[in-house]
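Below: the structure, in structure tokens.
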Amino acid sequence: MYAQLVKSEGSKSRDEMTPEEIAFQDRIDRNEKIEPKEWMPEGYRKTLIRQIGQHAHSEIVGQLPEGNWITRAPTLERKAILLAKVQDEAGHGLYLYCAAETLGVSRDELLEKLHSGNMKYSSIFNYPTLTWADMGAVGWLVDGAAIMNQVPLQRTSYGPYSRAMIRICKEESFHQRQGYDIMMKMCAGTPEQKAMAQDALNRFWYPALMMFGPSDKDSVHSAQSMAWKIKMNTNDELRQKFVDQTVPQAEYLGLTVPDPDLKWNEDKGGYDFSEPDWSEFFAVIAGNGPCNAERLGARVKAWEDGAWFREGLMAHAAKAEDRARAARHAAE
Amino acid sequence: MSSEWPLWEIFIRGQHGLNHRHVGSLHAPDAEMAIRNARDVYTRRNEGVSIWVVRSNDITASSPSEKGPLYDPSNSKVYRHPTFYDIPDEIGHM
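Chains as they are written, first to last, in my numbering: chain F, 71 to 402; chain B, 15 to 108.
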């Protein structure tokens, strides 16, 4: 998902837990929220920083593929909508960074880890957005997959993370609907436009399936995160839900999901479908996707180019404070 | 020197005459910029009519480990609740 392959801890049985850890697990089992500054196992804190941080980075880096089309949107209305959407992504990143910071990590530390490659962002944002139809596919599929993961995370055990997710989910459905709206327009357009929509679906289908992370049988360390309610569903559960939801939407558009083995399975009440190419997933995560260098390069450049501005505003604030202090002195 | 902007806690009053409510935090160089940033981060959909910003460092919080001793005294004072008093049915709503 927006947080894939988050390193977690091995799970502990009740006999191996300290009394503090048992009391903590009991609180989580009673669905009590854990708040900043309360006692928590070190592993819980570290896993959350990694997961929320990765989630935040994904929101921020996720602005880039769509930012690519702001200047080339087909109408002024589409441009205004896309701008609002990209601005929302920035906002979502900020909510999440703030949630991570309540765990005792600083914003600069998180950014430094992103820029040095020590923290990841979702693999999906390392694919290029080649046509306007990709804006439709990204909203429809990528935001659709994100919603699938984020809705259950509203019930996550860590208070600030849960509250950030609630805000994000409220805003996210606009994103998916605007994407589907673009797809509907394209599919009702000229044959060339419809072909463009089909091409976008072809390219984004498997990368969207990869967003949920590796198959459960290869997904290590899920158990502890699920016990801590940091992860609410397994990767395969969410992927299945996503496919079941999306296939009828593709049919409505008159588009074909690029999977010859896709088939309704009456017994399980869901679709059978092909797994994505996991070697591609691991290559993209490792930094070898089509756009990894470009995306990270853009982030680092923005950070470095903005340094003078951040420092300038701090200097201005310090001066203004000095002047105010001097004025107070003079008045006394 | 670290040029990280200080952290501010953001409180917003919703439309309906409610109290200001904590909505989250953000970084800004000074109070004026904190309000501008809060407008963009927390009220993109008309969520408020008034914003307060407070430096996070200026907030003193009760300690989570004192939860017991701090609130215990109110537990024994059930007579503070209206349900403590039996009012005859004939009296009607009171």
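Quick reminder that beta carbons are idealized off the backbone N, C-alpha and C, glycines included.
From a predicted model like this one, the values you see are computed outputs, not experimental measurements.
Within the model, the alpha-carbon separation for Glu-336 (chain F) versus Asp-342 (chain F) is close to 10 angstroms. In summary, the residues of the segment 164-175 of chain F whose CB is separated from some CB of chain B by less than 9 angstroms are Leu-164, Tyr-165, Tyr-167, Cys-168, Ala-169, Glu-171 and Thr-172, in the order they occur in the chain. Comparing alpha-carbon positions, the option among F:Pro-346, F:Gly-229 and F:Asp-347 lying closest to Arg-115 (chain F) turns out to be F:Gly-229. Rounded to whole angstroms, the Cβ separation of Pro-135 (chain F) and Val-208 (chain F) is 6 angstroms, and the two are in contact under 8 angstroms. By the Cβ neighbour-count rule, Glu-90 (chain F) is exposed, with fewer than 16 other Cβ atoms within 10 Å of its own.
Closer than 8 angstroms at the C-beta level to chain F, one finds these residues of the segment 38-50 of chain B: Gly-38, Ser-39, Leu-40, His-41, Pro-43, Asp-44 and Met-47. Against chain B, the beta carbon of Leu-383 (chain F) has neighbours under 8 angstroms at Trp-19, Pro-43, Asp-44 and Met-47, listed in chain order. The beta carbon of Gly-161 (chain F) falls within 8 angstroms of a beta carbon belonging to chain B, placing the residue at that interface. Within the segment 221-266 of chain F, the runs of alpha helix (DSSP H) that reach at least 4 residues and sit entirely inside it are, in chain order, 229-257.
Contact annotation: the segment 113-130 of chain F touches the segment 183-190 of chain F, with at least three C-beta pairs closer than 8 angstroms. Interface annotation, His-386 (chain F): in contact with chain B, CB-CB separation under 8 angstroms.
The contact set of Lys-107 (chain F) on chain B, defined by CB atoms closer than 8 angstroms, consists of Ala-75, Ser-77 and Pro-78 in chain order. At a cut-off of 8 angstroms, the C-beta of Val-68 (chain B) has no neighbouring C-beta in chain F. Taken in chain order, the unbroken stretches of beta strand (DSSP E) that lie wholly in the segment 317-359 of chain F and span 3 residues or more are 333-335 and 340-342.
For Asp-213 (chain F), not one C-beta of chain B is nearer than 8 angstroms to its own C-beta. Ranking F:Phe-312, F:Pro-318, F:Cys-168 and F:Glu-364 by CA distance to the CA of Gly-132 (chain F) puts F:Glu-364 first.
For the C-beta of Arg-58 (chain B), the chain F residues within less than 9 angstroms are, from N- to C-terminus, Ala-154, Gln-157, Asp-158, Gly-161 and Glu-241. Shown here for Gln-310 (chain F): same chain residues with a beta carbon closer than 6 angstroms to its own, the five before and five after excluded, namely Gly-340 in chain order. When only Cα atoms are considered, Glu-179 (chain F) and Ala-270 (chain F) end up about 36 angstroms apart. Here the alpha carbon of Glu-321 (chain F) sits roughly 54 angstroms from the alpha carbon of Met-384 (chain F). Across the structure, Ala-278 (chain F) and Gly-82 (chain B) are spaced so that their CA atoms are roughly 48 angstroms apart. DSSP links His-36 (chain B) through a beta bridge to B:Phe-25. Excluding five sequence positions before and after Ser-81 (chain F), the CB atoms of its chain that fall closer than 7 angstroms to its own CB belong to Ala-293, Gln-294 and Ala-297, given in chain order. Taking the beta carbon of Arg-380 (chain F) as reference, the chain B residues within 9 angstroms of it are Ser-17, Glu-18, Trp-19 and Pro-43, listed in sequence order. Bridge partners of Ser-64 (chain B) according to DSSP: B:Arg-27. Taking the Cα positions, Val-317 (chain F) is about 39 angstroms away from Gly-62 (chain B). Annotation: the segment 146-216 of chain F contains the following complete segments of the alpha helix (DSSP H) (minimum length 4 residues), in chain order: 146-171, 177-185 and 203-207.
Minimum Cα-Cα distance from Ala-73 (chain F) among the listed residues F:Arg-380, F:Lys-301, F:Gly-161 and F:Ser-349 corresponds to F:Lys-301. For the 8 angstroms CB-CB criterion, Tyr-167 (chain F) and Gly-38 (chain B) do not form a contact. Distance from the CA atom of Ser-289 (chain F) to the CA atom of Gly-283 (chain F), rounded to whole angstroms, is 8 angstroms.
Contact check for Asn-303 (chain F) against Ser-285 (chain F) fails: the beta carbons are separated by 8 angstroms or more. Gly-382 (chain F) sits exposed, since fewer than 16 C-beta atoms from the chains shown fall within 10 Å of its C-beta. In this structure, Arg-177 (chain F) lies near His-41 (chain B), with their beta-carbon atoms less than 8 angstroms apart. Within chain F, the C-beta atoms nearer than 7 angstroms to that of Val-55 (chain B) come from Gly-161 and Leu-164, in chain order.
Met-254 (chain F) and Gln-268 (chain F) have their C-alpha atoms roughly 11 angstroms apart. For Thr-74 (chain B) and Thr-172 (chain F), the gap between their C-alpha atoms comes out near 15 angstroms.
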